[in-house]
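Report on the following structure.
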Amino acid sequence: MLSRQAGGLICRNRLVIDVRTCRIIYNHSSTSVKAHAEGNAATSTSSPFQYTLSKEPKTLYDHPELYEMAFSYRDIKKEVSFLRDVYSKHSEGSLLQNVLELGCGPALHSSGLARTPGISRVVALDINDEMLKYAQWRYEQAGGKISLPKPKKGFAPPALSSPLSLVQGDMSTFDLKGKGSFDMIMCWLGTFSHLLENDQASQCFQRVAEHLRPGGLLILELAHPGDLFDGTYIIGDGGKEVWEVPLGETRKLLVEWGAEFDNFDPVTQILHRTVSVNILNGDSVELGMEEVVMQRQYTVQEIKFLAQGNGLQLLELYGETDLGVDLSHEEAYRMIAVLKKPS
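Just so we're aligned: 223 in our numbering is position 216 of the sequence shown, and the numbers increase by one with no gaps anywhere.
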């Protein structure tokens, strides 16, 4: 597991990024990346999104297959199981039937829940069209049926026989049919930290409150609060994380999250995080990209204030996808907040 000081998994985010700089290292060697199926197992069918250098990359988020490979260390099955456990603990006996995911990316959590018996509707929302197309392909390759509506005012998903629908929209302004009917709304991988302004954050909480049923839950994953207050961001030592994903005998995907002296503004609480992704074949670089991602570091008190201002209650804070791990536990390296709309 990653250390708490390094920000754990939370800094490895997606969706609604504000890219200040984007430096591309590029040559004409073509390459491709295998997709992963739910539960982080490889598919047997080649992906139509296999990455080639015929298209110069601007950001990792526009190449979802590459993105999924970079973050394939996530244990999606465990996290989906945790969602069911959390809901069972805090839902007062009601059944989990209607779920909304904000900033879904490849929609792996939504896809896992859509295959859960008893769940009748899962809506996965993301602002990135490439992510949604990839999520559609992934779910259909696994045997599911899905509909990807065209963007339109209101972002209202159509009525579907399939449990899963994909919707393009902004998590601070979304407006879906069936307001007040969702049992659970979830936002994983620190995606909420890409809402940099107070108004954006408050609007998101307001939308969540409108879409949850009375007694419904919001599950919000963010960085561990200790990351903000240990002083490493201020001195520019927020922790550089490096990990590899094998792509064959000689090829690998190398991800570097963070760089020395990444800028952190203590007034706005915004971290400018350098992210680089390289595909290596031996000693040669087939593809390389580097960008700076802006993330706001939210405190527990800010989350509590946002909740109170929008009719929600903060119930519990976990430090891992384990009901027995709170924020003070030695294995806690992230924060998973559970909030509730009062009945």
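Glycine is no exception: its CB is placed at the ideal position from the N, C-alpha and C atoms.
As assigned by DSSP and simplified to three states, the class of residue i
i: Phe189; result: strand
i: Trp250; result: strand
i: Ile241; result: coil
i: His97; result: helix
i: Tyr141; result: helix
i: Ile226; result: strand
i: Glu87; result: Looking at the sequence provided, one finds Val at residue 87 rather than Glu. Helix, per DSSP.
i: Gly316; result: helix
i: Ser200; result: helix
i: Asp272; result: strand
i: Val215; result: helix
i: Glu297; result: strand
i: Asn34; result: Annotation note: pLDDT 27 at Asn34 (below 50); position unreliable, coordinate value reported separately. The answer is coil: DSSP assigns Asn34 none of H, G, I, E or B.
i: Arg341; result: strand
i: Gln302; result: strand
Integer-rounded CB distance, given that residue j should sit under 8 Å from residue i
i: Lys259; j: Glu267; result: About 23 Å separates the two Cβ atoms, so there is no contact after all.
i: Leu278; j: Asp269; result: 7 Å
i: Val215; j: Leu225; result: 5 Å
i: Leu313; j: Ser209; result: 6 Å
i: Gln315; j: Ser200; result: Their Cβ separation, rounded to whole angstroms, is 20 Å, which puts Gln315 and Ser200 out of contact at 8 Å.
i: Val284; j: Leu73; result: 7 Å
i: Leu109; j: Met191; result: Rounded, the Cβ-Cβ distance is 11 Å, inconsistent with contact.
i: Leu132; j: Phe181; result: 6 Å
Euclidean distance between Cα positions of residue i and residue j
i: Tyr325; j: Ser291; result: 42 Å
i: Lys184; j: Lys96; result: 27 Å
i: Gly112; j: Met138; result: 5 Å
i: Asp206; j: Glu323; result: 24 Å
i: Glu204; j: Tyr80; result: 30 Å
i: Ser350; j: Ser98; result: 10 Å
i: Arg91; j: Val174; result: 23 Å
i: Pro221; j: Ile241; result: 41 Å
i: Phe89; j: Thr328; result: 6 Å
i: Ala142; j: Ala114; result: 6 Å
i: Ile83; j: Leu196; result: 11 Å
i: Gly176; j: Trp144; result: 19 Å
i: Met76; j: Leu67; result: 11 Å
i: Gly318; j: Glu298; result: 37 Å
i: Pro164; j: Gly223; result: Its pLDDT being 47, under 50, Pro164 is placed unreliably by the model, and the measurement read from it follows with that caveat. Roughly 20 Å between the two C-alpha positions.
i: Leu346; j: Leu219; result: 11 Å
i: Glu338; j: Val87; result: 19 Å
i: Asn105; j: His336; result: 32 Å
i: Thr281; j: Asp69; result: 17 Å
i: Gly309; j: Gln276; result: A small fix is needed here, since residue 309 is Glu in this sequence, not Gly. For Glu309 and Gln276, the distance between alpha carbons rounds to 12 Å.
From the options, residue whose alpha carbon lies closest to that of residue i
i: Val274; options: Leu235, Met138 and Glu99; result: Leu235
i: Leu321; options: Lys348, Glu338 and Val129; result: Lys348
i: Gly295; options: Leu102, Asp69 and Ile286; result: Ile286
i: Glu263; options: Gly255, Val249 and Met191; result: Val249
i: Gln213; options: Leu196, Val300, Lys84 and Gly187; result: Gly187
i: Leu102; options: Arg341, Gly176, Ala149 and Phe189; result: Phe189
i: Ser169; options: Asp333, Asp136 and Val130; result: Val130
i: Thr306; options: Lys247, Gly233, Gly100 and Phe181; result: Gly233
i: Pro124; options: Leu227, Asp333, Lys65 and Leu171; result: Leu171
i: Asp237; options: Val300, Gln304 and Lys65; result: Gln304
i: Gly151; options: Leu120, Asp136 and Asn135; result: Leu120
i: Ala344; options: Gln276, Met193 and Gly100; result: Met193
i: His231; options: Asp333, Arg128, Pro253 and Gly100; result: Asp333
Ordered list of beta strand (DSSP E) runs contained in the region 102-131, each at least 3 residues: Runs of the beta strand (DSSP E) inside the region 102-131: 105-109.
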